[in-house]
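First residue of the sequence shown? That's 477 in my numbering, and the numbers climb one at a time after it.
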Amino acid sequence: MAETQIEWTDSTWNPVAGCSIITAGCTHCYAMEMAKRLEAMGIEKYAGLTRKTGKRTVWNGVVREDREALSIPYGWKKPRKIFVNSMSDLFHEGVSDEFILGVWKVMRETPRHNYQILTKRPERMAALVASRMGDILPNVWLGTSIEDADVVSRIDYLRQAPAAIRFISFEPLIGSVGAVDLKGIHWAIVGGESGKSARPIKEEWIDQIYGQCLTAGTAFFFKQWGTWGKDCRFPPKFDPGFPLRTDPG
């Protein structure tokens, strides 16, 4: 799985498969249903990672390290923006420190690529990067997901992580995040939830984040309304109502 339609990256790289639901933002994670489909296609890496609960497919907590996948970026000769683990979380407790160090080794040895790592476990990321990774890699961006005010403490852990660029994915944005400290955060991505069970996004939640990005000098990227438009009706209409600044510099 290399090419992607994710607007803020070029390719995906998945050396880890499988995850766990930990907060409300995980409830309708696209990767759970995708893992089920890949298993049905006979891709062994994704076998046995999900279970059924009612009509839903959910993670069962099994996490699999794919050492063969570590070599993939070496084969991409042209520079790419690479989303690391779109199908998992590199800093999941089921991923060993040694394997994460192996991922770092690949990123260090392929400086032509920019790597974007997004986690819901920034406390482990901050501790491990600070203690084991040595110098800051200029081609590695570290990020965390924030879906509502209940998890804004993740920003403090992200700020502690040594990184060339730190970013926040406010997606799926399912509630107001309130007043947040964006000091040291270079880039913010905002988006609503997609899918048949999507929870609506409210325009005032987006405006709140946008205003705080302006104050902090944080680059802002509005990704999508999701299933619901800004009037909370279907179909969505892409009209954010404000200029977009997408450079994370």
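Virtual Cβ for every residue (Gly too), placed ideally from N, Cα, C.
Note that the structure is a prediction, hence the values are computed from the model and not measured.
Query                                                                                                                                                            : Result
Do R540 and V582 count as a contact pair if the criterion is CB distance below 8 Å?                                                                              : no
Output needed for V605: all residues of its chain with C-beta closer than 8 Å, excluding positions within five of it in sequence on either side, in chain order. : L618, A637, P638, A639
Since Q700 contacts G660 with CB under 8 Å, what's their CB separation in whole angstroms?                                                                       : At roughly 26 Å, the Cβ-Cβ gap does not stay under 8 Å, so Q700 and G660 are not in contact.
Please tell me whether A655 and C689 are closer than 8 Å, where the distance is taken between their beta carbons.                                                : no
Do the stretch 582-598 and the stretch 558-569 touch if we need at least three Cβ pairs shorter than 8 Å?                                                        : yes
Compute the distance between the beta-carbons of I631 and F646, then report whether it is under 8 Å.                                                             : no
Let me know if T529 comes out buried or exposed under the rule of 16 or more other beta-carbons within 10 Å of its beta-carbon.                                  : exposed
For Y686, count the other beta carbons within 10 Å of its own beta carbon; 16 or more makes it buried, fewer makes it exposed. Which is it?                      : buried
Using alpha carbons as the reference points, say which of R584, T499, T694 lies closest to D611.                                                                 : R584
With DSSP collapsed to three states, give me the class of R556.                                                                                                  : coil
Have a look at the DSSP bridge pairing and note the partners of A692.                                                                                            : Per DSSP, none; premise fails for A692.
I think R532 touches D573, with their Cβ atoms under 8 Å apart; what is that distance to the nearest whole Å?                                                    : At roughly 32 Å, the Cβ-Cβ gap does not stay under 8 Å, so R532 and D573 are not in contact.
I want to check one thing, is the minimum distance from the CB of V627 to the heavy atoms of the ligand MG below 7 Å?                                            : Absence of the ligand MG is noted for the structure shown, with no ligands found whatsoever.
Looking only at its chain, what residues have a beta carbon closer than 8 Å to the beta carbon of I497, apart from the 5 residues adjacent to it on each side?   : T503, C505, V534, W535
Tell whether a beta-carbon distance below 8 Å holds between I641 and A500.                                                                                       : no
Alpha carbon to alpha carbon, how far is L658 from F696? Give it in angstroms, no decimals.                                                                      : 12 Å
From R543 to N490, what does the alpha carbon distance come to, in whole angstroms?                                                                              : 10 Å
Can you pull the DSSP bridge partners for Y591?                                                                                                                  : I558, V616
Looking at Y550 and P598, is the spacing between their C-beta atoms short of 8 Å?                                                                                : no
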